Amino acid sequence: MSLLDDIAKQALDPAYADAAARRAATDPAGVRRPARRSLAIGGVLAATLLLVLAAVQTHRHAPSAERSRQTLLDQVRRETDGVSALERRLNVLRDRTQDLSDSLLQTTKAGSALAKRLDAADLSAGTVAATGPGLQVVVDDAPAQGGSGNNQVLDRDLQSLVNALWAAGAEAIAIDDQRVTAQTAIRQAGSSILVNFEPIARPYVITAIGDPVGMATSFGASSAVARMRTYTQVYGLQFRFARADSLTVPRAPGLPLRYAKPVVGRRTGEARQ
Amino acid sequence: MIVALAVALGVTLGLVLQPTVPLDLQPYLPIAVVAALDALFGGVRAWLERIFDEKVFVVSFVSNVLVAGLIVFVGDKLGVGGELSTGIVVVLGIRIFSNAAAIRRHLFRA
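Chain order of the listed sequences is E and R. In terms of the numbering used here, the first sequence has 98 at position 7, counting the first letter as 1, and numbering is strictly consecutive. In terms of the numbering used here, the second sequence has 52 at position 45, counting the first letter as 1, and numbering is strictly consecutive.
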């Protein structure tokens, strides 16, 4: 490339050669004037200053970017810890309120009847943990190979499985440690699946409490299971389910209702037939 | 000797004062440094070849830095700032390399 050759050949500014030739013609003795010397010193000074400036600037900026990242990370970690501490405290307080209201209600006959109804309502609303026999369904992504999106479990797979479980007569369902209630959304956010607005990790374990035999029969015959079986063959997804004698589902986070109110003229306790 | 003093003074001043480059000029700092390095290497080579000239050195230094900054500035306005800085770094890099090679030949005769 002639352009690059030119650059390399003219690496030394031709002005130096010109100036030297001029000097040789006018002033053969080569006497240097002091004013010129200070010019050179000034030039070197400016160039060095520029270099140090750039070095200092880069040095000063690199750690500040790292620092702000670290600060953000610390903040996130601290707030997450705060949230889980509050959640723990909420659970403890809920238990205590439950105990207190139970013991209070037990003192009268009408109260104990009310307590029984309250327990049933709690159970179906998912605000208490539940235990019993049922089915356990395990779904997982295909073993990593190529990394295409085709071999991953999607939110709609979990949705259809949960629907099939409800249809098969499940009484309480949880995905991993998230209870599925009337307020639960199962949805994809990027590469992770959110249940109750909390990300859940694979393998996805769906726990459903209900009549094990009846559920196994009806769920096993559902179209959701047929589809999952196809996916296992085509895409290599992992899918299996088994009956279990004793399963536990945690209680729901209990999102507060801010707009929904009971219909007037009907007592809250009798909202259920 | 005096040049070495000037270098020492420049380093000391830079480290002690730690002047801050205005935010608007910061994108041009790396390019200005490369241009300054080119002028420095050219000066050293000219000195070794006994044709060093103070005026040429200062003028080439100042104009190198200004022109390099200006090209990047114009490039930024046109949306090709990155490409133009690459071009400047390539051109000045080649010059720095060949000047450094000439300096090496003068110093070590190899």
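Every residue, glycine too, gets a C-beta built ideally from N, C-alpha and C. All values reported here derive from a predicted model rather than from experimental measurement.
Could you have a look at S283 of chain E and say whether DSSP puts it in helix, strand or coil? strand
In its own chain, which residues sit with a C-beta less than 6 Å from the C-beta of P294 of chain E, not counting the 5 before and 5 after it? V229 and D231
Does any residue of chain E have a CB that is nearer than 7 Å to the CB of N71 of chain R? no
If you draw a straight line from the alpha carbon of S92 of chain R to that of A292 of chain E, how long is it in whole angstroms? 46 Å
Please confirm whether F48 of chain R and A131 of chain E have their CB atoms less than 7 Å apart. no
Below 7 Å between beta carbons: does that hold for V286 of chain E and Q269 of chain E? yes
Below 6 Å CB to CB, which residues in the same chain sit around A362 of chain E once its five sequence neighbours on both sides are set aside? The predicted position of A362 of chain E is uncertain, since its pLDDT is 47 and thus under 50; no value can be drawn from it.
Please tell me whether, using a cut-off of 6 Å, the distance from the CB of S93 of chain E to the nearest non-hydrogen atom of the ligand GTP is below it. With respect to the ligand GTP, the structure shown offers nothing to examine, as it has no ligands at all.
For R158 of chain E and chain R, any beta-carbon pair shorter than 7 Å? Contact with chain R is absent for R158 of chain E, since none of that chain's Cβ atoms lies less than 7 Å from the residue's Cβ.
CB contact below 7 Å: A131 of chain E versus chain R: yes
Distance cutoff 7 Å, beta carbons only. Does G327 of chain E sit that close to anything in chain A? Among the protein chains of the structure shown, namely E and R, there is no chain A.
Is it the case that the Cβ atoms of G82 of chain R and G88 of chain R are separated by a distance below 7 Å? yes
Tell me the residue span of the beta strand (DSSP E) that contains T218 of chain E. That residue, T218 of chain E, is in no beta strand (DSSP E); it is neither H nor E in DSSP.
Among E:S192, E:S314, E:N242 and E:A153, which one has its Cα closest to the Cα of A259 of chain E? E:S314
Rounded to whole angstroms, what's the CA-CA distance from Q189 of chain E to K200 of chain E? Just pull it up for me. 18 Å
From A108 of chain E to A107 of chain R, what does the alpha carbon distance come to, in whole angstroms? 18 Å
Simplified DSSP state of R342 of chain E, which is helix, strand or coil: coil
At the level of alpha carbons, what is the spacing between T171 of chain E and T162 of chain E? 14 Å
Where P234 of chain E falls, given that 16 or more other Cβ within 10 Å makes a residue buried: Exposed: under 16 other Cβ atoms inside 10 Å.
For L140 of chain E, the residue or residues it bridges with in DSSP: DSSP lists no partner for L140 of chain E.
Comparing C-alpha positions only, which one of R:R116, R:V97 and R:I110 sits nearest to L95 of chain E? R:V97
Whose C-beta lies closer than 7 Å to the C-beta of I38 of chain R among residues of the same chain, with five residues either side of it excluded? A75, G76, V79, S92 and I95
Strand pairing of L226 of chain E, partner residues [DSSP]: E:A299 and E:R334
Under a Cβ-count criterion, where at least 16 other Cβ atoms within 10 Å of its own Cβ denotes burial, should E178 of chain E be classed as buried or exposed? exposed
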